[in-house]
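Following this note's numbering, the numbering of the sequence shown begins with -6 at its first residue and continues without gaps. Beneath this line is the structure, given in structure tokens, with notes to follow.
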Amino acid sequence: MQRWTRRNTRDAILIAVACFVLPLLSIPYWPGFGSGTNASLAHLQWGLLLALAMLSPHKLYFRIGYLSLFLAWCVQLAWRAPPDALQLLLRSLPLYTAMYGWTVLCAHWMGWPRPPEHARIRQRDIVPFGAIALILYPLGWALGHALVNGFFSAVDPADLFAQTLQVGFARFFGVLCLTLPLLLFFTGRDEPAPMPSRMPWWEWVLLGGYSMLLMALLWALPGRGEHPLGGLLDQRFMLAALMIWAVLRLPWRWSAPLIAAVTLLLTYLVGAGTRVGLRTDALHLLQIAFEMSVLQQLMVLTQVIARDNRRAIARLAQESCRDGLSGVPNINALRHDLADGAQVPTEIACLGIEHLDNLMAGYGLPAQEALTAAIHDHLAPGIRAYTLGMGRFALLPAAGEVSWKDLLARIEQVEFRLGDTQVRLEPHLGVCPLRDGSSQSLDLALDAAYGAMQAARQRGETAPVFATPGLSDPAALRAVLETHSLALSLLRRRQLELHVQPIRRLAGGAAQMGEILCRLRTEDGRLLMPRDYMDELDASRGVVELDRAVIETLLPWLREHADAMPFQRLTVNLTGRSLVSENFRNWLLYQLDVQPGTAERLCFEITERAITGGLGQVRPLFDGLSQRGCLIALDDFGTGMQSFERLQQLPIDLVKIDGTFVRNVAHNARDRDLVQAMVTIARAYQAETIAEYVEDADILAALEPLQVDWIQGYHIGRPVPLSALDLAPAGA
């Protein structure tokens, strides 16, 4: 219950006055059934009371209105029948008491009153209103009147029947004229017009032609009685069609009174017709009442449907501006904000978070949702972030200039925690000037910023990259897309070619291991390198298919040439999506079991990034491979935050020192110290080391005192196709 205020007192006084005055306003008619006399066709006060019972936030409103109505009835009795006033009052008191409960009960059956946030007419309310308010409620009043007067007065049965019909019709027309329009007004007075109020020219033409037709019918056809508007009752369906057009063009605060006014006019015309001798028996009056109720409910239903459609469209438009998983604004919201914004920022940036797919592979979509929302909240309020997909954001300064370098450093410091796992972000940022807020300018700037972000990712930049014209070249972007699509097609047709790069011991001797590298062969003989197609495969989850294709191609070759190939083992890379796939794990272990002699000739390479957040899921695969005699190599060692921890957690046999530490080892003392430390740590965990990117003799000479176990690079040997290998028996 809400607190009673001065405004509530004012409203209560207005309700009391309305309920006291309305019984004095009658619509006279001459009923053509029984021996009835002149009566009122519509008791408007009962339409108001039923609306109060349905709408009232305070029950006291309805009680005050009901009491005022009863006092008005007492005044009428004292004025019209002074000798019998007390007897009539005592006889009507039980009826009024029972009808108080009946009114409240009917409102309750229709689902009213409702909380303020749900107090609106719905489509499903129309049928209950028609059944209860327009049929059951008047019927209850009629039966109550018949019972009270039948038991407590000596009225002739024929007269009692006629009075009962009069009471039922009076309550019906009272509810018809006021209840539903009042509900419309007080629950939707702030609702706009369902359709735009500005009409096209052709609609004006149709409206004018329809109005002229209606006026011609009113003039040509005889009206009902002598009233100048009597013909409207015969043309009530045409009038209803005109009203439906009006309620679709007017706000609810105007259409609701219009519906009430037209219903009152038609009801008045019914009464006026009876007073000039037109046929008004009970069945005919019931037919008119039914048609008028259907027409009114049709008008209201049209309004409600149009309102719900408008709200649904608005809700869909709002939802289309939000990411379905995280609720973060998306590219549609960006376009909308730029179009409506008074001040357009001078720059737009594109932020990329790398290896988010590995996090999702380990923890599923909730991890992506949580991380996307966390990044958005971390950037607010100084930056407006809009998601462009998994791990990609468009950034706009909220106000003034922004230091993109400081922003990038701020993102790098974010520590995202999911369960017991802590994830550090690896962001890349591309920035481009934004000319204005037009859609064309936004598309060009966003393409350029995205290209700059991709360039930062490919070059491993730790500072923002500012767009240059070449990065946003549409022809270049189309060429990349075509290459990616071609790669997918070639992979699915198994048009791949395996190459091998030798890995030998630093102590000397022939090459004793080789790394398998995958190339895709086009129809014209061109080779697509991994840098051309890996991004697209990652985005489409085709990397699992790539891993399967490589193994399906390699295992038969290995079984056939195991004794003749010049390598003791071949290393094969596995991607993060394959590591966490139970289906892939079962398939790979089965392939090794059905092709004996192959497992002990294989080493599988994985990167730390590939197992981010998925250690529990990848452990069964590693254990299965180790049990079958395969070796496990940890690639890109030293680049991640948890490299040393992985040595302790997983059965790692080989550690591949990342090439960024090896490339400058001959001239950089710090890199030499880092390589030496990695060798020491790897040996502490009984793992051997492989130095990548051994490109010249100086690097090789610098590695010798560091006691690296294996070396790999162009100085040792370049990749060659498996088909080009010399398959003479290998030495020991």
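All C-beta atoms, glycine included, are put in the ideal place defined by N, C-alpha and C.
Query raised in the report: For GLU408, is the beta carbon positioned less than 8 Å from some heavy atom of the ligand FMN?
Result: In the structure shown, the ligand FMN is absent, as is every other ligand, since no ligand is present at all.
Query raised in the report: Between PRO185 and the rest of its own chain, which residues show a CB-CB distance below 6 Å, the 5 nearest in sequence each way excluded?
Result: Cβ neighbours of PRO185 beyond the five flanking positions: PRO244.
Query raised in the report: Hey, quick one: how far does the beta strand (DSSP E) through PRO109 stretch, first residue to last?
Result: Looking at the DSSP string, PRO109 is not in any beta strand (DSSP E), and its letter there is neither H nor E.
Query - Under the three-state DSSP convention, the category ASP628 falls into - result: If DSSP states are grouped into helix, strand and coil, ASP628 belongs with the strands.
Report task. Tell me, to the nearest whole angstrom, how far the beta carbon of GLU598 is from that of THR564; I am working on the premise that it is less than 8 Å. Result -> Correct: roughly 5 Å between the Cβ atoms.
Query raised in the report: DSSP on LEU129, reduced to helix/strand/coil?
Result: It is helical.
Query raised in the report: So what's HIS708 in DSSP terms, helix, strand or just coil?
Result: HIS708 falls in the coil class under three-state DSSP.
Query raised in the report: Nearest-angstrom Cα distance between TRP194 and ALA213?
Result: Taking the straight line joining both Cα atoms gives about 29 Å.
Requested in this report: In the DSSP assignment, find the beta strand (DSSP E) that holds PHE386 and state where it starts and stops.
Outcome: 385 to 390 is the extent of the beta strand (DSSP E) around PHE386.
Report task. Please classify TYR583: does DSSP put it in a helix, a strand, or coil? Result -> Here TYR583 sits in helix by DSSP.
**Report entry** For THR600, three-class secondary structure by DSSP
**Finding:** In this structure, DSSP gives THR600 an extended state, which the three-state scheme calls strand.
Report task. Pull up the DSSP beta-bridge partners for THR157, would you. Result -> For THR157, DSSP records no beta bridge to any residue.
Query raised in the report: CA-CA distance, VAL713 and HIS492?
Result: Rounded to whole angstroms, VAL713 to HIS492 spans 5 Å at the Cα level.
Query raised in the report: Any contact of the stretch 8 to 18 with the stretch 140 to 154, i.e. 3+ C-beta pairs under 8 Å?
Result: Too few Cβ pairs lie closer than 8 Å, so no.
Query - Cβ neighbours of LEU169 in the same chain (closer than 8 Å, five flanking residues each side left out) - result: Beyond the five residues adjoining it in sequence on each side, LEU169 comes within less than 8 Å, by CB distance, of ALA35, GLY40, LEU127, THR256, THR260, ALA282, MET285, SER286 and GLN289 in the same chain, given in chain order.
Query raised in the report: Quick one: Cα of CYS314 to Cα of GLN38, how far?
Result: Those two C-alpha atoms are separated by around 49 Å.
**Report entry** Nearest residue (CA-CA) to GLN451, options LEU484, ASP528 and ARG512
**Finding:** Comparing Cα positions, the closest option is ASP528.
**Report entry** GLU138 burial status per 10 Å Cβ neighbour count (16 or more: buried)
**Finding:** For the record, residue 138 in the displayed sequence is His; it is not Glu. Within a 10 Å sphere around the beta-carbon of HIS138 sit 16 or more other beta-carbons, which makes this residue buried.
Query raised in the report: Excluding the five sequence neighbours on either side, which residues of its own chain have a C-beta within less than 6 Å of the C-beta of PRO131, listed in chain order?
Result: Excluding sequence neighbours, PRO131 sits near GLY161, ARG164 and PHE165.
Report task. Enumerate in chain order the residues of its own chain whose CB-to-CB distance from LEU640 is below 6 Å, with the five nearest sequence positions on each side excluded. Result -> So the list reads TYR678, once near-sequence residues are dropped.
Requested in this report: Go ahead and label ALA310 buried or exposed: buried means 16 or more other beta carbons lie within 10 angstroms of its beta carbon, across all protein chains shown.
Outcome: Residue environment: ALA310 is assigned as exposed (fewer than 16 neighbouring CB atoms within 10 Å of its CB, all protein chains considered).
Report task. Determine, using beta carbons only, whether LEU175 and ALA253 come nearer to each other than 9 Å. Result -> Against a cut-off of 9 Å, the Cβ pair of ALA253 and LEU175 comes out as a contact.
Query raised in the report: With a cut-off of 8 Å, do at least 3 Cβ pairs link the stretch 494 to 501 to the stretch 696 to 715?
Result: Counting C-beta pairs with one atom in each stretch, the stretch 494 to 501 and the stretch 696 to 715 have three or more that are closer than 8 Å, which means they touch.
Query - Buried/exposed call for HIS369, threshold 16 Cβ in 10 Å - result: Buried is the call here.
Query - Given ALA5 as reference, the closest of THR30, ALA32 and SER61 once Cα atoms are compared - result: Closest option to ALA5, Cα to Cα, is SER61.
Requested in this report: Would you mind sorting ASP719 into buried or exposed? The rule is 16 or more other CB atoms within 10 Å of its CB.
Outcome: Classification for ASP719: exposed.
**Report entry** CA-to-CA distance, LEU48 to ALA112, given in whole angstroms
**Finding:** Taking C-alpha positions only, ALA112 is separated from LEU48 by approximately 8 Å.
Query raised in the report: Are the stretch 108 to 125 and the stretch 55 to 72 touching, with three or more C-beta to C-beta distances below 8 Å?
Result: Note that the stretch 108 to 125 does not touch the stretch 55 to 72; fewer than 3 beta-carbon pairs, one per stretch, sit closer than 8 Å.
**Report entry** Member of ARG242, ALA249, SER248 and LEU210 whose CA lies at the smallest distance from the CA of PHE230
**Finding:** Just measuring C-alpha positions, the residue of ARG242, ALA249, SER248 and LEU210 sitting nearest PHE230 is LEU210.
Query raised in the report: In terms of alpha-carbon separation, which member of MET671, ARG512, LEU344 and ASP118 lies closest to ALA456?
Result: Checked all of MET671, ARG512, LEU344 and ASP118; the closest Cα to ALA456 is LEU344.
Query raised in the report: Taking all protein chains shown into account, do 16 or more other C-beta atoms lie within 10 angstroms of the C-beta of TRP197, making it buried, or fewer, making it exposed?
Result: TRP197 is classed as exposed because its beta carbon has fewer than 16 other beta carbons within 10 Å across all chains shown.
Query - Whole-angstrom C-beta distance between ILE341 and LEU439, which should lie under 8 Å - result: That belief holds up - the Cβ atoms of LEU439 and ILE341 are roughly 6 Å apart, short of 8 Å.
Report task. Classify LYS649 as buried or exposed, calling it buried when 16 or more other Cβ atoms lie within 10 Å of its own Cβ. Result -> The residue in question, LYS649, is buried, as its Cβ has 16 or more Cβ neighbours within 10 Å.
Query raised in the report: Which whole-angstrom value describes the C-beta separation of PRO121 and MET92, a residue pair presumed to lie in contact below a C-beta threshold of 8 Å?
Result: The beta-carbon separation of PRO121 and MET92, rounded to 20 Å, does not stay under the 8 Å limit for a contact.
Query raised in the report: Taking the alpha-carbon positions, what's the PRO589 to ALA690 distance?
Result: About 40 Å.
Query raised in the report: Span of the alpha helix (DSSP H) holding GLU538?
Result: Membership of GLU538 in the alpha helix (DSSP H) is indicated by the continuous run 536 to 554.
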